[in-house]
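Peer 1: This structure is in C-alpha coordinates; I'll ask about it shortly.
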(Lines of atoms letter the chains of each structure in order from A; the text may use other names.)
(Lines give C-alpha, C1' and ligand atoms only; values in the text may rest on other atoms or scores of the structure.)
Protein backbone atom coordinates (compact mmCIF):
# COMPACT_ATOMS: atom_id res chain seq x y z
CA UNK A 9 0.00 0.00 0.00
CA UNK A 10 1.18 3.49 -0.75
CA UNK A 11 1.24 6.23 1.88
CA UNK A 12 -1.70 7.95 0.15
CA UNK A 13 -3.78 4.75 0.37
CA UNK A 14 -2.88 4.36 4.02
CA UNK A 15 -3.85 7.97 4.83
CA UNK A 16 -7.11 7.64 2.90
CA UNK A 17 -7.99 4.49 4.83
CA UNK A 18 -7.22 6.08 8.22
CA UNK A 19 -9.36 9.17 7.38
CA UNK A 20 -12.30 7.01 6.23
CA UNK A 21 -12.42 5.03 9.51
CA UNK A 22 -11.52 7.90 11.86
CA UNK A 23 -15.09 8.20 13.23
CA UNK A 24 -15.61 4.46 13.68
CA UNK A 25 -16.29 3.12 17.18
CA UNK A 26 -15.92 -0.50 18.31
CA UNK A 27 -19.19 -2.36 18.87
CA UNK A 28 -20.21 -3.06 22.41
CA UNK A 29 -20.41 -6.76 23.28
CA UNK A 30 -24.24 -6.61 23.38
CA UNK A 31 -24.33 -5.21 19.80
CA UNK A 32 -22.34 -8.08 18.34
CA UNK A 33 -24.00 -10.89 16.46
CA UNK A 34 -24.23 -13.98 18.69
CA UNK A 35 -22.41 -17.08 17.59
CA UNK A 36 -24.79 -19.68 16.17
CA UNK A 37 -25.49 -22.66 18.38
CA UNK A 38 -24.34 -26.07 17.23
CA UNK A 39 -26.95 -28.03 15.35
CA UNK A 40 -28.10 -31.20 17.06
CA UNK A 41 -26.67 -34.40 15.68
CA UNK A 42 -29.03 -36.12 13.20
CA UNK A 43 -30.79 -39.24 14.40
CA UNK A 44 -30.66 -42.21 12.06
CA UNK A 45 -34.13 -43.62 12.69
CA UNK A 46 -34.21 -46.20 9.91
CA UNK A 47 -30.68 -47.44 10.52
CA UNK A 48 -31.36 -47.81 14.24
CA UNK A 49 -34.61 -49.68 13.54
CA UNK A 50 -32.80 -51.98 11.08
CA UNK A 51 -30.05 -52.67 13.61
CA UNK A 52 -32.58 -53.43 16.37
CA UNK A 53 -34.47 -55.79 14.05
CA UNK A 54 -31.22 -57.54 13.12
CA UNK A 55 -30.24 -57.88 16.78
CA UNK A 56 -33.61 -59.40 17.70
CA UNK A 57 -33.33 -61.85 14.79
CA UNK A 58 -29.81 -62.90 15.70
CA UNK A 59 -30.93 -63.71 19.21
CA UNK A 60 -33.72 -65.89 17.82
CA UNK A 61 -31.87 -67.84 15.12
CA UNK A 62 -28.48 -68.55 13.56
CA UNK A 63 -27.14 -66.19 10.87
CA UNK A 64 -27.50 -68.58 7.91
CA UNK A 65 -31.18 -69.13 8.64
CA UNK A 66 -31.77 -65.40 9.00
CA UNK A 67 -30.05 -64.59 5.70
CA UNK A 68 -31.99 -67.17 3.73
CA UNK A 69 -35.34 -66.43 5.40
CA UNK A 70 -35.33 -62.65 5.00
CA UNK A 71 -37.38 -61.82 1.91
CA UNK A 72 -35.83 -58.36 1.67
CA UNK A 73 -32.37 -59.82 1.05
CA UNK A 74 -31.27 -60.16 -2.54
CA UNK A 75 -29.20 -63.22 -3.38
CA UNK A 76 -28.13 -64.73 -6.70
CA UNK A 77 -25.21 -66.75 -8.04
CA UNK A 78 -24.29 -68.62 -11.18
CA UNK A 79 -24.11 -72.40 -10.91
CA UNK A 80 -20.29 -72.49 -10.76
CA UNK A 81 -20.05 -70.00 -7.84
CA UNK A 82 -19.62 -71.96 -4.63
CA UNK A 83 -21.18 -71.56 -1.20
CA UNK A 84 -17.87 -70.44 0.33
CA UNK A 85 -17.59 -67.61 -2.19
CA UNK A 86 -21.18 -66.58 -1.48
CA UNK A 87 -20.56 -66.54 2.29
CA UNK A 88 -17.44 -64.44 1.76
CA UNK A 89 -19.36 -62.02 -0.48
CA UNK A 90 -22.27 -61.75 1.99
CA UNK A 91 -19.90 -61.02 4.87
CA UNK A 92 -18.26 -58.18 2.94
CA UNK A 93 -14.89 -59.91 2.75
CA UNK A 94 -14.22 -58.79 -0.84
CA UNK A 95 -12.85 -55.26 -1.19
CA UNK A 96 -15.40 -53.04 -2.91
CA UNK A 97 -13.47 -51.49 -5.79
CA UNK A 98 -16.18 -49.18 -7.18
CA UNK A 99 -19.66 -48.03 -6.28
CA UNK A 100 -22.70 -46.49 -7.96
CA UNK A 101 -25.64 -44.85 -6.20
CA UNK A 102 -28.92 -45.27 -8.09
CA UNK A 103 -31.49 -44.62 -5.39
CA UNK A 104 -33.81 -41.76 -6.18
CA UNK A 105 -33.54 -42.41 -9.93
CA UNK A 106 -36.33 -43.67 -12.13
CA UNK A 107 -36.04 -47.10 -13.74
CA UNK A 108 -35.49 -45.41 -17.12
CA UNK A 109 -32.60 -43.35 -15.71
CA UNK A 110 -31.04 -46.15 -13.70
CA UNK A 111 -30.80 -48.92 -16.32
CA UNK A 112 -28.37 -47.25 -18.76
CA UNK A 113 -26.24 -45.91 -15.89
CA UNK A 114 -26.03 -49.34 -14.31
CA UNK A 115 -25.23 -51.00 -17.64
CA UNK A 116 -22.42 -48.48 -18.27
CA UNK A 117 -21.11 -48.97 -14.72
CA UNK A 118 -21.02 -52.77 -15.05
CA UNK A 119 -19.37 -52.59 -18.50
CA UNK A 120 -16.77 -50.12 -17.24
CA UNK A 121 -16.08 -52.22 -14.11
CA UNK A 122 -15.59 -55.38 -16.18
CA UNK A 123 -13.25 -53.54 -18.58
CA UNK A 124 -11.27 -52.29 -15.57
CA UNK A 125 -11.05 -55.93 -14.40
CA UNK A 126 -12.74 -55.16 -11.07
CA UNK A 127 -13.84 -58.13 -8.99
CA UNK A 128 -16.33 -56.64 -6.53
CA UNK A 129 -18.52 -53.54 -6.80
CA UNK A 130 -21.38 -52.13 -4.73
CA UNK A 131 -24.68 -50.89 -6.14
CA UNK A 132 -26.84 -48.69 -3.92
CA UNK A 133 -30.44 -49.02 -5.13
CA UNK A 134 -32.34 -47.94 -2.01
CA UNK A 135 -34.90 -49.87 0.01
CA UNK A 136 -37.96 -48.67 -1.88
CA UNK A 137 -39.45 -46.84 1.10
CA UNK A 138 -40.54 -43.97 -1.16
CA UNK A 139 -42.36 -46.26 -3.59
CA UNK A 140 -45.42 -46.67 -1.39
CA UNK A 141 -47.78 -49.51 -2.30
CA UNK A 142 -45.74 -50.49 -5.38
CA UNK A 143 -42.93 -51.76 -3.20
CA UNK A 144 -39.23 -51.44 -4.06
CA UNK A 145 -39.40 -50.82 -7.83
CA UNK A 146 -35.73 -49.98 -8.44
CA UNK A 147 -34.47 -52.73 -6.14
CA UNK A 148 -36.46 -55.38 -8.03
CA UNK A 149 -35.38 -53.98 -11.40
CA UNK A 150 -31.70 -54.05 -10.39
CA UNK A 151 -32.08 -57.69 -9.36
CA UNK A 152 -33.65 -58.58 -12.73
CA UNK A 153 -31.01 -56.71 -14.76
CA UNK A 154 -28.03 -58.17 -12.87
CA UNK A 155 -29.30 -61.74 -13.44
CA UNK A 156 -29.39 -61.16 -17.21
CA UNK A 157 -25.81 -59.94 -17.59
CA UNK A 158 -23.28 -62.75 -18.09
CA UNK A 159 -20.49 -60.66 -16.56
CA UNK A 160 -22.29 -60.78 -13.19
CA UNK A 161 -21.30 -63.95 -11.34
CA UNK A 162 -23.15 -63.29 -8.09
CA UNK A 163 -24.74 -60.65 -5.93
CA UNK A 164 -26.01 -60.43 -2.39
CA UNK A 165 -27.51 -57.73 -0.16
CA UNK A 166 -24.83 -55.67 1.55
CA UNK A 167 -23.99 -55.67 5.25
CA UNK A 168 -25.79 -53.06 7.39
CA UNK A 169 -22.76 -50.76 7.45
CA UNK A 170 -22.68 -50.72 3.64
CA UNK A 171 -26.38 -50.10 3.01
CA UNK A 172 -28.07 -53.32 4.15
CA UNK A 173 -31.03 -54.31 1.99
CA UNK A 174 -30.70 -51.00 0.13
CA UNK A 175 -27.47 -52.08 -1.59
CA UNK A 176 -25.83 -55.16 -3.10
CA UNK A 177 -22.30 -56.46 -3.43
CA UNK A 178 -21.73 -57.71 -6.96
CA UNK A 179 -19.05 -60.23 -7.96
CA UNK A 180 -17.93 -59.73 -11.56
CA UNK A 181 -16.34 -61.99 -14.18
CA UNK A 182 -12.64 -61.31 -14.61
CA UNK A 183 -10.63 -61.80 -17.78
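Residue numbers (my numbering): 9 to 183.
Each residue gets a CB set at the ideal place from its N, CA and C atoms; glycine is no exception.
1. Who does residue 165 pair with in a DSSP beta bridge?
2. Quick one: what does DSSP say residue 81 is sitting in, helix, strand or coil?
3. Cα-Cα, which of 91, 88 and 167 is closest to residue 47?
4. To the nearest angstrom, report how far apart residue 101 and residue 72 are at their CA atoms.
5. If distances are taken between C-alpha atoms only, which option among 98, 91, 42 and 106 comes closest to residue 118?
6. Could you give the C-beta distance for residue 145 and residue 107, rounded to a whole number, given that I count them as a contact under 8 angstroms?
7. Are the CB atoms of residue 178 and residue 6 within a distance shorter than 8 angstroms?
8. Could you check how far apart the C-beta atoms of residue 23 and residue 103 are, in whole angstroms? I think they sit under 8 angstroms.
Peer 2: To lay it out plainly:
1. 176
2. coil
3. 167
4. 19 angstroms
5. 98
6. 6 angstroms
7. Outside the shown range of the chain, which is 9 to 183, sits residue 6, and nothing can be said about it.
8. With 8 angstroms as the limit, residue 23 and residue 103 do not qualify as a contact, their Cβ atoms being about 58 angstroms apart.
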